[in-house]
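Encoded as structure tokens, the structure appears first; notes follow it.
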Amino acid sequence: MKQKILFIINPISGGKKKDRVPELIKKYIDHEKFNTLIVFSDGISHANLIAREAANSYQIIVAVGGDGTVNEVASAIKGTDVILGIVPFGSGNGLARFLGIPLNLKKALQTIFKGHTELIDTATLNGMPFFNMAGLGFDAHISQVFSVDKNRGLFNYVKSSVWEFNHYNQQAYTITIDGVTYNKEAFMLSFANSSQYGNNAHISPRASIKDGLIDVCIIRKFPFWRLLEMGLRMLFKASEGTKYVEILRGKKVLVQRSQAGSTHLDGEPRIVNDKVIIEIEPGSLRVFTGRKL
């Protein structure tokens, strides 16, 4: 019996045109194994709505886009028997890269054809799901700035980050992890389910998406002249080798800060209050991967 597979394409993710993507999917898909439907999302949360409506009738739902698109689709199907597929078309593609899914469309589809799936952890921040990375502080601020920038892509993300770096100060946080409290000054706090933000920038190289833990990455303000060094450390999975990065792990994290402000969930900005709760949901999403985790 053929499996029903739904592709949800975000037409604007990563600043890349996707007019030919349906044609290529139809060309490469295994028509003997799959009954295929391809749709485009139209605006914020539309991919989530499409996936929710399809969850009872499709065995596989594929997010064609970046980490934000993956978040919308995965949020709709976590905790169900529906399998998530990812065809990465974003700016960073953090989760896809961590799962070993190629950036090439044909090769990404082959991860679905091969049929290797893994049951992975998901997480929530104040009840809102995330799957790769969430954060407070500088990266949340940058996500907010980047979200209103009409020019997407890695270059513009880096440009925005460099411009804002010298104007953003670290903040005081009270962090409670599984009942143990720490008072920390941080430039940013990253809550890592996988190891990387995207573009192979690994903030928590030892993170596992199957260990039932969230990695709390405390990044302190470092001199601007060390920015290149910090970038290279992340690319070479050596971020923990510097005094500016501390990583703690736990199942439930409570963060208290002085006031409400920005956060991001898989790169998508949100505004939350001064109290933030992060919880892990072990083994709650089945996904096609390009490697054994």
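In our numbering, the protein residues as written are 10 to 302.
Heads up, the beta-carbon is just placed ideally off N, CA and C, and yes, glycines get one too.
Contact defined as beta carbons within less than 8 Å: I believe residue i pairs with residue j. What is the distance between those atoms, to the nearest angstrom?
{"i": "A132", "j": "F122", "result": "That belief does not hold up - the Cβ atoms of A132 and F122 are roughly 29 Å apart, past 8 Å."}
{"i": "S22", "j": "G103", "result": "The Cβ separation is near 13 Å, so there is no contact."}
{"i": "E173", "j": "A181", "result": "Rounded, the Cβ-Cβ distance is 20 Å, inconsistent with contact."}
{"i": "I17", "j": "I92", "result": "With 8 Å as the limit, I17 and I92 do not qualify as a contact, their Cβ atoms being about 14 Å apart."}
{"i": "T78", "j": "N19", "result": "4 Å"}
{"i": "A150", "j": "S271", "result": "Note that residue 150 corresponds to His in the displayed sequence, not to Ala. Confirmed, Cβ separation roughly 6 Å."}
{"i": "I34", "j": "V48", "result": "I34 to V48, Cβ: 11 Å. No contact."}
{"i": "I223", "j": "I287", "result": "6 Å"}
{"i": "V82", "j": "N57", "result": "7 Å"}
{"i": "N80", "j": "E277", "result": "7 Å"}
{"i": "F233", "j": "H125", "result": "Rounded, the Cβ-Cβ distance is 43 Å, inconsistent with contact."}
Alpha helix (DSSP H) containing residue i: first to last residue?
{"i": "F231", "result": "Note, F231: premise wrong, no alpha helix (DSSP H); not H, not E."}
{"i": "I34", "result": "30-37"}
{"i": "K116", "result": "114-123"}
{"i": "E238", "result": "236-244"}
Who are the Cβ neighbours of residue i in its own chain at under 6 Å, not counting the five residues just before and after it?
{"i": "K230", "result": "Q179, F196"}
{"i": "A143", "result": "L134, F200, L274"}
{"i": "K115", "result": "Y37"}
{"i": "P111", "result": "A117"}
{"i": "L128", "result": "G292, R295"}
{"i": "R279", "result": "T272"}
{"i": "S213", "result": "A201, S204, D224, C226, I256"}
Starting from residue i, trace the beta strand (DSSP E) both ways and give me its first and last residue.
{"i": "Q265", "result": "261-265"}
{"i": "L108", "result": "That residue, L108, is in no beta strand (DSSP E); it is neither H nor E in DSSP."}
{"i": "R295", "result": "284-297"}
{"i": "I129", "result": "126-134"}
{"i": "T272", "result": "270-274"}
Determine the burial state of residue i: buried for a count of at least 16 other Cβ atoms within 10 Å of its Cβ, exposed for fewer.
{"i": "I53", "result": "exposed"}
{"i": "N175", "result": "exposed"}
{"i": "D51", "result": "exposed"}
{"i": "K27", "result": "buried"}
{"i": "Q268", "result": "exposed"}
{"i": "M239", "result": "buried"}
{"i": "D187", "result": "exposed"}
{"i": "L108", "result": "buried"}
{"i": "N113", "result": "exposed"}
{"i": "L15", "result": "buried"}
Near residue i, which residues of its chain fall below 7 Å by C-beta distance, leaving aside the five closest residues on each side in sequence?
{"i": "K87", "result": "T131, P138, S293, L294"}
{"i": "R242", "result": "S248, G250, T251"}
{"i": "Y177", "result": "F147, H150"}
{"i": "A105", "result": "I95, P97"}
{"i": "D283", "result": "Q265, R266, S267, Q268, A269"}
Enumerate in chain order the residues of its own chain whose CB-to-CB distance from residue i is below 8 Å, with the five nearest sequence positions on each side excluded.
{"i": "A64", "result": "I70, A85, I86, T89, V91"}
{"i": "Q12", "result": "K42, F43, N44, Q68, I69"}
{"i": "L198", "result": "G144, L145, G146, Y182, I184, V225, C226, I227, I228, V264"}
(request) Scan the region 179-214 and note each continuous beta strand (DSSP E) run of 3 residues or more that stays entirely inside, going in chain order. (result) 180-186, 189-195, 197-201
(request) Mind listing, in chain order, the continuous alpha helix (DSSP H) runs of no fewer than 4 residues lying wholly within the region 18-80? (result) 30-37, 55-63
(request) Starting from the N-terminal side, write out each stretch of the beta strand (DSSP E) that is 3 residues or longer and does not extend beyond the region 78-102. (result) 92-97
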